[in-house]
Amino acid sequence: MSHDPLHSKFSRRAVLKVALAAGAAQLSPRFLSRARAAEPVRIGFDDTLTGTYAALGKNTLVGCQLAVEQMNARGGILGRPVELVVEDSTSGDAGTAVQKASKLIERDRASFILGNVNSALSLAMAQVTSEKGVLHIVPGGHTDAVTGTSCHWNVFRVCNTTQMEANAVAGPLMKSAGKKWYYITPDYAFGHTLQAGLEKAAQRLGGVTVGADLAPLGTTDFSSYLIKAQSASPDVIIFLPQGADMINAMKQAVQFGLDKRFHLAGAQQELEALEGLPPEARVGTWVFEWYWKQPNVPHLQEFVAAVKQKTGKVPTARTWQGYAATWSCALAANGAKSLEAPKLAKALENMKLPPEIGLMPDRPFYRAGDHELMPTLYVGNAQAKGSDDEDLFHVTELVKGPDAAGSVEETGCKITWPTT
Amino acid sequence: MTQLVLFNVFNGLVVGAFYALMALGLSLILNLSGVINFAHGGFLAIAAYLAYTLIPTVGFWGGLLAAPVLTAVIGLVVERLLIRRLYGRDPLYSLLLTFGLAYVFEDATRSLWGAQSLPYPVPAWLTTPLSNRLFFLTGYRVFMVVLVGAAVTALFLVLNRTRLGMRIRAGTHDLETVSVLGINVRVLRNLNFGLGVYLAGLAGVLAAGMLGLEPTLGSSLIMPSFVAIIVGGLGSLPGTLLGGLLIGVASGVTTVFLPSATEAVMYVMMGVVLLVRPHGLLGEVGRLH
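Quick mapping for you: the protein sequence lines, in order, are chains A and B.
Everything in the first sequence is counted per the working numbering, starting at 1 for the first residue and increasing by one.
Everything in the second sequence is counted per the working numbering, starting at 1001 for the first residue and increasing by one.
Next comes the structure, spelled out in structure tokens:
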């Protein structure tokens, strides 16, 4: 049977549908205005979900998601539901990170921006968020400038600065291992500032740099660096690469037997990296930013259990950073009773995180002068396996944030507030 | 100082042997099919992850044997379904396809095995250094060099002594004539692609033992092999081998003097070779059009 196009085009059903749609459109403004009242408060997540830092970005995201679930169960932000809008910044493309941040602010009308694991992307995003006047919390980009020379009124940071980590580890390391240090440093901003920070801290204590090599980011074979490092006969070989580079460097050092001849150490170490190492290569003295297994920290076990239920694994420092950063958004809004960025920022200044969010021996707080969170730093040694399969770090010393951070003047941060 | 340089030359040869193994597979595919296989690193990573998955049931050696073969089978399927369609077109098409495939493979490994790095178990007796003085020569690295040597010898034997190998070599020189002589060029290209991917797989499993597993494993290792091919000369397998060893030594020695340039030195070498001898050290003039 042939089909009559003319009749099908104007069938009764089609006409009815159009009429119904038109009617609905007439009614919709009223629905819309009601919907606007309950419009969710949006938190824009712009972090590394693919590429080199994907594992770190994904763990950060888990913490953010858990925080949002908890907020919504407790009535949301200012009585409105909370929605996490997730974007992948890529691991190294500042253009993408900036574009996603703009999209989150303009199209999704996010009241808060979270990100980024990569220091350079954090700085680039901060340019956008400060220009557009949106509260921005950096969960895990470490380079000093974020809350130092490039600080902004709207930018707060949860993770440590590289200088804080250097200051925390230098003393204990010099005491236990000796003062002649050889550095293997990743050749980008993070590595440079971390090495400079360690040298500064070591010098104060009488330490000596016997050699330092810059390794390009993404170096897979560290053997030639290790050959050079051992020939300088240091007391300590300091490893500053991160992620896969750290794993490659440490693994090769231990295969070469260097852990038996020198003390291996560094500043920042992460559970993600230790999990990627074979047990025999989990050695050395390091700083952890947060650890899931600590005595006498209230609410810690609940948090660990909640994350384990979500992912099957214990939280890492990155999970906690995402969690604390996201909760900080709600704390700021509830403190300011507003979603206006300057009021939010003022509310966060000197705010102490409540114990169930801080999850540290000392309650961390955002320092007013530079917007840097003052947490506890955990100095200790990597271990093949503790009391638990995932207990890969043995904390030997707790350092208080303000002691490690130095003064606000030293950071070089001068906050200028917008004039309204 | 002399000792430091000597050690680094020696060590560079070890590293270079590994680059060469990766580059040989790439070179095979490029020579016969004119495809610049950007997905080579992806195949490499898949083999590494497959071996990791197989090890609990078949052990380290079983994984080393089985994973490259399984990866080669994946390679055969990919060639049959996707790459074959683009032969005879502008090489840009196959380049774009394999470039996209590299991303697909990377994200596939990430969603199947997780973004987190995983340690790759290696028998303990392989991971200790042979002597305190030559500490950078671990059992594993010596084993790797021996295996690369064996694989290269086997490859040259296959290419020179077997019917398949002769057809591949003939096809590399003049595919049209080979086709006119009644040889099924489609099958030949398919098998050749599989062989190339097998070599990538072998390199992947070896790399996993040295570096551990990471979804970005392939992309971080792929560039040196391209450089090795260009330095050695397009179309020449011995050239590729030489190129791999040379860049290994060059970046090793550079560490002694200017460590931050270890990566850059490879590209400088490539630039110099392209300027002075555009067809590469052992390549033939006008080999690839």
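Think of the CB as a built atom: it goes at the ideal place given N, C-alpha and C, for glycine as much as any other residue.
None of these values were measured; they are calculated from a predicted model.
N-terminal and C-terminal residue of the alpha helix (DSSP H) that residue i is part of
i: A:Asp403; result: Gly401 to Ala405
i: B:Glu1263; result: Unbroken run through B:Glu1263: none, as it is neither H nor E.
i: B:Trp1113; result: Pro1091 to Trp1113
i: B:Phe1193; result: Val1185 to Leu1211
i: A:Glu131; result: Ser119 to Lys132
i: A:Cys329; result: Ala317 to Ala336
i: A:Asn248; result: Gly243 to Gln255
i: B:Thr1057; result: His1040 to Leu1081
i: B:Glu1166; result: The sequence shown places Met at residue 1166 of chain B, not Glu. B:Met1166 -> alpha helix (DSSP H) spans Arg1163 to His1173.
Paired residues, beta bridge with residue i - DSSP
i: B:Pro1129; result: B:Thr1138
i: A:Trp181; result: A:Thr209 and A:Val236
i: A:Arg186; result: The residue asked about is misnamed: residue 186 of chain A is Pro in this sequence, not Arg. DSSP, once it has assigned bridges, lists A:Ala215 as partnering A:Pro186.
i: A:Gln268; result: A:Val287
i: A:Glu87; result: A:Asp46
i: A:Leu114; result: A:Phe45 and A:Ile137
i: A:Val395; result: A:Gly380
i: A:Tyr366; result: A:Leu373
i: A:Arg80; result: A:Ile77
i: B:Leu1118; result: B:Leu1213
i: A:Lys352; result: A:Phe365
i: A:His263; result: A:Val236
Cβ of residue i within 8 angstroms of any chain A Cβ
i: B:Val1142; result: no
i: B:Pro1259; result: yes
i: B:Ala1045; result: no
i: B:Pro1215; result: yes
i: B:Phe1007; result: yes
i: B:Asp1174; result: no
i: B:Gly1212; result: yes
Nearest-angstrom Cα separation, counted from residue j out to residue i
i: A:Gly207; j: A:Thr185; result: 17 angstroms
i: B:Leu1086; j: A:Ser89; result: 33 angstroms
i: A:Gln301; j: A:Ala212; result: 41 angstroms
i: A:Met360; j: B:Ser1117; result: 27 angstroms
i: B:Gly1063; j: B:Ser1033; result: 29 angstroms
i: B:Thr1128; j: A:Glu131; result: 55 angstroms
i: A:Phe222; j: A:Ala317; result: 26 angstroms
i: A:His263; j: A:Ala177; result: 6 angstroms
i: A:Tyr291; j: B:Ile1230; result: 48 angstroms
i: A:Thr319; j: B:Val1058; result: 35 angstroms
i: B:Leu1159; j: A:Cys64; result: 56 angstroms
i: B:Pro1278; j: B:Leu1164; result: 30 angstroms
i: A:Gly266; j: A:Trp286; result: 5 angstroms
i: A:Asn350; j: A:Cys413; result: 16 angstroms
i: A:Leu66; j: A:Ala306; result: 8 angstroms
i: B:Val1146; j: A:Val155; result: 55 angstroms
i: B:Asp1107; j: B:Ala1047; result: 15 angstroms
i: A:Leu135; j: A:Val82; result: 16 angstroms
i: A:His142; j: B:Ala1154; result: 50 angstroms
Beta strand (DSSP E) segment containing residue i, residue limits
i: A:His299; result: From DSSP, A:His299 is part of no beta strand (DSSP E); its letter is neither H nor E.
i: B:Val1035; result: No beta strand (DSSP E) contains B:Val1035, which DSSP labels as neither H nor E.
i: A:Ala382; result: Thr376 to Ala382
i: A:Val155; result: Val155 to Arg157
CB contact below 8 angstroms: residue i versus chain B
i: A:Asp221; result: yes
i: A:Ile247; result: yes
i: A:Lys414; result: no
i: A:Ile227; result: yes
i: A:Glu275; result: yes
i: A:Lys310; result: no
i: A:Gly257; result: yes
i: A:Pro216; result: yes
i: A:Thr209; result: no
i: A:Glu390; result: no
Within-8 angstroms CB hit, residue i to chain C
i: B:Arg1110; result: Note that chain C does not occur in the displayed structure, where the protein chains are A and B.
Residue i beta carbon near the ligand GDP (any heavy atom closer than 7 angstroms)
i: B:Ser1094; result: What this structure holds is no ligand at all, so the ligand GDP is not there to describe.
Three Cβ pairs or more, each shorter than 8 angstroms: is that satisfied between the segment 1182 to 1191 of chain B and the segment 1199 to 1211 of chain B? no
Evaluate the contact criterion for the segment 188 to 199 of chain A versus the segment 160 to 168 of chain A: three or more CB pairs, one atom per stretch, below 8 angstroms. yes
Whether or not the segment 227 to 237 of chain A and the segment 273 to 281 of chain A are in contact is what I'm after, with contact meaning three or more pairs of Cβ atoms, one per stretch, closer than 8 angstroms; do they touch? no
Quick check: the segment 1254 to 1271 of chain B against the segment 1003 to 1020 of chain B, are at least 3 beta-carbon pairs closer than 8 angstroms? Short answer: they touch.
Do three or more CB pairs link the segment 1229 to 1242 of chain B to the segment 1079 to 1098 of chain B at distances below 8 angstroms? no
Three CB pairs or more closer than 8 angstroms across the segment 1136 to 1150 of chain B and the segment 1118 to 1126 of chain B: yes
Touching or not, the segment 1244 to 1253 of chain B and the segment 1205 to 1212 of chain B, by the rule of three or more beta carbon pairs under 8 angstroms? no
Do the segment 1174 to 1187 of chain B and the segment 1062 to 1076 of chain B make contact, defined as three or more Cβ pairs closer than 8 angstroms? no
Given 8 angstroms, three or more beta-carbon pairs between the segment 335 to 350 of chain A and the segment 366 to 381 of chain A: yes
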